[in-house]
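Below is one structure; the comments refer to it alone.
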Amino acid sequence: MELKTLQYFSHNLTDPIHEVFQVLDNPNHSEYNKLLHDMKSINAEELSLFVIEKQIDFYIKDSFNIDIERRAWFLINRLHRDIASKRLDELSGNGVRLKPYNSLNLKEILINDENLVDISFFDLKPIGIVHNNFGYRLCPSTNLDNSTYWLFLEIIKLVLKNKKKFYIRLDPFIEIPIKDYTPMAYKMTIHGKPLNWDRIRNLQNDDFGQFINEKEDSDYSITDYVWNVKKNEIHFTCEELPAIGNCTIRGSRYFHAIFNKDTGSIIHCDGAIRIYSESELADRMRFHVRSSDVRKVGKRVKIFQTNDSLTQEEFSHLVMSFFVWNQDVVSYFNT
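Take the sequence shown: its position 99, counting from 1, is numbered 1353 in the working numbering, and each next residue is one higher.
What follows is the structure in structure tokens.
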């Protein structure tokens, strides 16, 4: 059964981890009664298992109302999963103008065949993307709403400062009047510096590797990469695969770039998610990303693309921002 508050929270810039408690503390809030309904409808057995698994009581031991707190945290977890799953469904859809492009406010915006739009159509702000007094957001690349926050900062720097041309995919759920448009801001340094490009340029055969994530509670499992030699070009492909149990709420993060050996620059770059069913993901995990078989399963949904020439340093910062939180990629690009 769909949560009565799902529509509200899926179209809200504030994470449910903050907003649920704000609504709960305000009986006059428009979603207050729906929130109470969703909390009362929680299955007792599922709630008990959740509380034990997540050790909720440890964090709420000083709470005035333990039952309300347990149900609130259960609902937050459910909202996170349902919003992420619903977004994957929207991104997997077929149609002429998918959300949010079916909005009257975006009716004049041109969309390419990969559902990307020219970022120059929008007024770019440090806080986000604006058009005709409505705010939008770069589509998240994982189940976490801020997974493309640092990528967006890199993109607007390349667009505004370095005059690069980018195409982006908008979050299907976010279209907010500018008066209510207050995105969260985060602070974290993304470290990255160019690889040994002389070694890359002189590759005679494919260079590839795989990182295995051994953290049991992580939402991703393995990360493959390959530098594929093609005459005067070298294609870089890297894919971070979700854990099997998480494929209903997040896809893989898939990055592709083309390095020109003659000029030493990157002449194409795109980041995408690949959406898999559980059986498709199990099939995908039988192969390394260098195999052509990996492109036979899953659905690729691009988040951004540029065909402008990028320096090695620009590329390095872009790929590092795309794979934010993946420590294996961080370590690889810093060796």
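Backbone N, C-alpha and C define an ideal beta-carbon position, used for all residues, glycine too.
About 14 Å separates the beta carbons of L1342 and N1369, which is beyond the 8 Å limit, so they are not a contact pair. The C-beta of A1326 has 16 or more other C-beta atoms within 10 Å across all chains shown, which makes the residue buried. Straight-line measurement puts the Cα of D1367 at about 27 Å from the Cα of D1478. Residue environment for I1498: exposed (fewer than 16 other C-beta atoms within 10 angstroms of its C-beta). Close CB contacts of F1576 within its chain, under the 6 Å cut and outside five residues either way in sequence, are with L1405, F1509 and G1525 (chain order). In this structure, DSSP gives G1499 a helical state, which the three-state scheme calls helix.
In this structure, Y1421 sits near D1372, with a CB-CB distance shorter than 7 Å. About 7 Å separates the beta carbons of I1428 and L1267, which is inside the 8 Å limit, making them a contact pair. Residues Y1355, V1371 and F1375 of the same chain have their beta carbon placed closer than 7 Å to that of I1363, with the five preceding and five following residues left out of the count.
Note that the C-beta distance between L1412 and K1418 is below 7 Å.
Ranked by Cα distance from I1430, the options H1272, D1582, Y1390 and R1455 are led by Y1390. For L1345 against V1555, the beta-carbon gap comes to about 5 Å, under 8 Å, which counts as contact. Inclusion of G1505 and I1527 in the CB contact set at 7 Å is warranted, their separation being smaller than that value. The region 1450–1457 makes contact with the region 1508–1523: 3 or more CB pairs, one atom from each, lie closer than 8 Å.
Of the residues D1461, P1380 and E1468, the one whose Cα lies closest to the Cα of I1488 is D1461. Relative to the Cα of F1490, the nearest Cα in the group I1503, D1473, R1507 and F1513 belongs to F1513. The C-alpha of S1531 is placed about 7 Å away from the C-alpha of T1502. Per the C-alpha coordinates, the member of S1401, L1414, E1468 and E1568 positioned closest to M1438 is S1401.
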